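Visitor: Right, I'll just put the structure down here and ask away after.
Protein chains: 2
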Amino acid sequence: MATQQYDVLGIGNAIVDVIARAEDDFLVKHAMQKGGMALIDEDRAQGIYAAMGPSTQISGGSAANTIVGAASLGARAAFVGKVKDDELGKHFAHDIRAAGVAFETKAAHGGPSTARCYIMVTPDGERTMNTYLGAAQNLTPEDIHADAIGAAAITYLEGYLWDPPLAKEAFRKAADLAHAASRKVALTLSDSFCVDRYRAEFLDLIRKGMVDIVFANESELHSLYQTSDFATAAAQLSQDAKLAVVTRSEKGCVVVSRQGVEAIPAHPIKEMIDATGAGDLFAAGFLVGHARGQDNKTAARLGALAAAEVIQHIGARPQTPLRALAKQHGLAS
Amino acid sequence: MATQQYDVLGIGNAIVDVIARAEDDFLVKHAMQKGGMALIDEDRAQGIYAAMGPSTQISGGSAANTIVGAASLGARAAFVGKVKDDELGKHFAHDIRAAGVAFETKAAHGGPSTARCYIMVTPDGERTMNTYLGAAQNLTPEDIHADAIGAAAITYLEGYLWDPPLAKEAFRKAADLAHAASRKVALTLSDSFCVDRYRAEFLDLIRKGMVDIVFANESELHSLYQTSDFATAAAQLSQDAKLAVVTRSEKGCVVVSRQGVEAIPAHPIKEMIDATGAGDLFAAGFLVGHARGQDNKTAARLGALAAAEVIQHIGARPQTPLRALAKQHGLAS
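The listed protein sequences derive, respectively, from chains Z and S.
Remember, my numbering sits 64 above the position in the first sequence when you count from 1.
Remember, my numbering sits 64 above the position in the second sequence when you count from 1.
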């Protein structure tokens with residue numbers, strides 16, 4: 065087995081978030097599905113940007129947020145994702161490296177610009193996302209290197225990778241390489257609409273054991289099993305997955321394994337400002353706990369703590385060093 | 065007199081803020097004067113960016129922040145400042161217009177890129193700024209139009225305009241046009257180092273009555289009169305200025321006029337996250353109150369409320385609609 069160099073390596077769409085506050089009316093007027101992620105083309109991106117309010121630009125991307133969260137918790141972390149060598153791409157690369165993450169994927173010289181996600185945050189703190197994939201569509205299997213995957217205890221993949229045409233091949237290659245090196249593979253289902261697009265393929269991946277740990281929220285789980293009953297869906301998941309964690313917003317999460325279902329409460333917060341990144345940061349905490357050999361309950365508590373930090377400010381990346389926060393709460397040494 | 069179209073028109077450097085958290089050690093290592101604003105060239109800008117942590121990009125600029133704050137309070141507001149037609153310049157223009165501000169200054173097609181301010185926020189919430197002026201240096205008297213200035217009840221100018229070579233001529237032209245139209249002129253002293261660079265000129269402007277309202281914080285006031293004694297400096301200011309407001313952080317502010325000195329407390333906050341924009345937003349509230357004919361005390365309370373909002377999150381522009389906040393506190397109808 066190769067030397068373990070990373071606790072977690074994430075593969076995902078490399079995206080810069082453009083975040084603005086918006087009223088619910090704005091979502092209705094612009095035909096946006098509240099709480100979801102819609103894929104948009106460049107024309108629609110320009111139309112949304114022209115209509116939206118003053119914005120904050122912060123590097124994002126679901127798996128990238130998770131990996132930055134893992135680094136903030138003190139883990140050794142790496143990220144694979146495609147940007148263009150434009151201003152936004154440089155901004156993305158700067159930010160992820162400045163967070164202590166190894167990021168070696170070559171930037172594209174031509175083609176579409178760096179991916180952007182236009183995020184509307186409504187007064188209730190919920191976020192509604194519109195993603196222009198741009199350069200992220202050019203992630204290919206050639207960007208996946210056996211030495212990096214083999215050096216990571218866990219390779220973490222986002223379901224959103226199913227959207228760009230070649231990324232799913234990169235995804236499969238990475239999962240195969242990880243298992244060939246006796247490493248683990250984790251997957252987030254990303255979004256209920258994403259599950260709707262790729263339900264059969266995701267179920268196949270999980271059932272065939274190509275994925276060792278599954279992350280989902282309630283609506284993704286319901287979409288996966290096409291049921292509105294949580295208990296039914298959780299029971300099916302416990303049959304299909306080796307280990308899964310289902311996040312339930314303020315109700316906390318449940319860890320589902322073949323040993324049963326265990327509920328862990330959410331970490332208390334003062335006020336939810338922006339839900340963007342809640343699931344991403346939960347995954348960061350759980351993965352780091354798992355990589356450190358903590359039990360599922362402790363790992364889930366670390367996830368809940370990281371999620372609580374990120375939803376109390378704008379943007380999907382931590383503003384407080386999470387390792388220190390975890391120490392304060394007795395969840396790290 | 066021309067029809068009054070704007071309550072406040074601001075003229076300043078058009079800047080995008082690049083904000084990161086930093087430890088005090090970082091400031092020492094990179095020879096930064098804590099709490100101040102240093103002018104930097106492009107090489108130093110690149111060096112600082114390479115060394116600094118993950119960043120948030122938000123439109124900024126002192127007078128621009130004030131004008132956005134005024135618009136958020138429900139005032140009719142306009143801004144004059146120079147960007148380049150690059151990505152950051154488009155971002156700046158989008159944000160200020162999306163905030164409801166009239167912004168008609170022509171973007172530069174060539175020359176240096178849009179101005180950036182690299183802001184380090186230390187754990188105490190204090191901000192240390194490094195400004196690359198770039199395209200903002202190309203603001204000239206041709207960008208100042210008599211019809212716009214004549215249509216504004218108050219023209220608000222930042223002392224930082226003394227830094228770009230031609231902007232001070234734009235400043236003088238604007239002040240003359242405002243007075244020719246029987247309008248008022250307000251000035252912020254911007255920064256104690258800025259006062260140090262242009263002390264004699266600033267005093268001359270104030271003493272000659274080219275400025276009707278002066279905004280300063282304590283260190284700017286001390287720099288202006290080269291004394292460390294607040295009472296002495298305030299007494300001198302009351303001789304020189306028609307009306308001045310000195311902000312004193314958590315101690316609130318004092319309104320200085322020929323009738324004497326009146327103290328107004330700060331608005332209570334939960335936690336200071338990022339001091340960037342505190343003075344800018346105070347000026348927004350005071351100017352809007354003044355333009356509405358409120359007394360100095362009420363105008364200062366509106367300033368304190370706006371400042372309290374902006375220091376409780378990252379970035380120098382309001383995240384909460386200030387008009388609604390002012391109504392909640394009985395400071396607006």
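Virtual Cβ for every residue (Gly too), placed ideally from N, Cα, C.
As the structure is a prediction and not an experimental result, all values here were calculated from the model.
1) Assign Z:Gly-133 to one of three DSSP states: helix, strand, or coil.
2) Considering just the uninterrupted stretch of the beta strand (DSSP E) at S:Ile-277, what are its terminal residues?
3) Any heavy atom of the ligand MN closer than 7 angstroms to the Cβ of Z:Gly-349?
4) Start and end of the beta strand (DSSP E) containing S:Leu-251?
5) In this structure, how does DSSP classify S:Arg-322 when only helix, strand and coil are distinguished?
6) Run the CB neighbour count on S:Gly-125, radius 10 Å, all protein chains shown included, and call it buried at 16 or more, exposed below.
7) Please list the residues of the stretch 100–117 of chain Z that have a C-beta atom closer than 9 angstroms to any C-beta atom in chain S, keeping them in chain order.
8) Can you list, in chain order, the residues of its chain with a C-beta nearer than 6 angstroms to that of S:Ala-231? Leave out the 5 residues immediately preceding and following it.
9) Using the Cα positions of S:Ala-339 and Z:Ala-217, report the straight-line distance between them to the nearest angstrom.
10) Would you call Z:Ala-15 buried or exposed, if buried means 16 or more other Cβ atoms sit within 10 Å of its Cβ?
11) Between the alpha carbons of S:His-155 and S:Ser-123, how many angstroms are there, rounded?
12) Within the stretch 299–377 of chain S, note down every full beta strand (DSSP E) run reaching 3 residues or more, in order along the chain.
13) Please compile the residues from chain S whose C-beta is within a distance smaller than 7 angstroms of the C-beta of Z:Gly-379.
14) By the criterion of Cβ-Cβ separation under 8 angstroms, what are the contact partners of S:Asp-159 in chain Z?
15) So what does DSSP say about S:Ile-218, is it helix, strand or coil?
16) Does the distance from the CB of S:Arg-423 to the CB of S:Val-82 come in under 8 angstroms?
17) To which residues of the same chain is S:Thr-219 closer than 6 angstroms at the C-beta, ignoring the five residues directly before and after it?
18) Give the DSSP bridge partners of S:Thr-195, in chain order.
19) Look up Z:Leu-91 in the DSSP assignment and say whether it is helix, strand or coil.
20) Do you know offhand how far Z:Tyr-289's Cα is from S:Leu-369's?
21) So, does the CB of S:His-354 fall closer than 8 angstroms to a CB anywhere in chain Z?
22) How would you call Z:Gln-323, buried or exposed, if buried means at least 16 neighbouring beta carbons within 10 angstroms?
23) Specify whether the stretch 350–368 of chain S and the stretch 286–306 of chain S touch according to this definition: at least 3 beta carbon pairs, one from each stretch, less than 8 angstroms apart.
24) Taking only the alpha-carbon atoms, compute the straight-line gap between Z:Ile-112 and Z:His-94 and give it to the nearest angstrom.
25) Going along chain S in order, which residues have a C-beta closer than 8 angstroms to the C-beta of Z:Arg-85?
26) Can you tell me whether DSSP reads S:Ser-292 as helix, strand or coil?
Guide: Well, looking at it:
1) helix
2) 277–281
3) In the structure on display, the ligand MN does not appear, and there are no ligands present to speak of.
4) 248–252
5) coil
6) buried
7) Tyr-113, Ala-114, Ala-115, Met-116 and Gly-117
8) Leu-203 and Leu-225
9) 41 angstroms
10) As displayed, chain Z neither begins before 65 nor continues past 397, which places residue 15 of chain Z out of reach and without an answer.
11) 7 angstroms
12) 307–311, 317–321 and 324–328
13) Thr-120
14) Pro-118 and Ser-119
15) strand
16) Residue 423 of chain S is absent from the model: chain S starts at 65 and stops at 397.
17) Leu-73, Ile-213, Ala-238, Ala-242 and Val-249
18) S:Leu-103 and S:Cys-181
19) helix
20) 50 angstroms
21) no
22) exposed
23) no
24) 8 angstroms
25) Gln-383
26) coil
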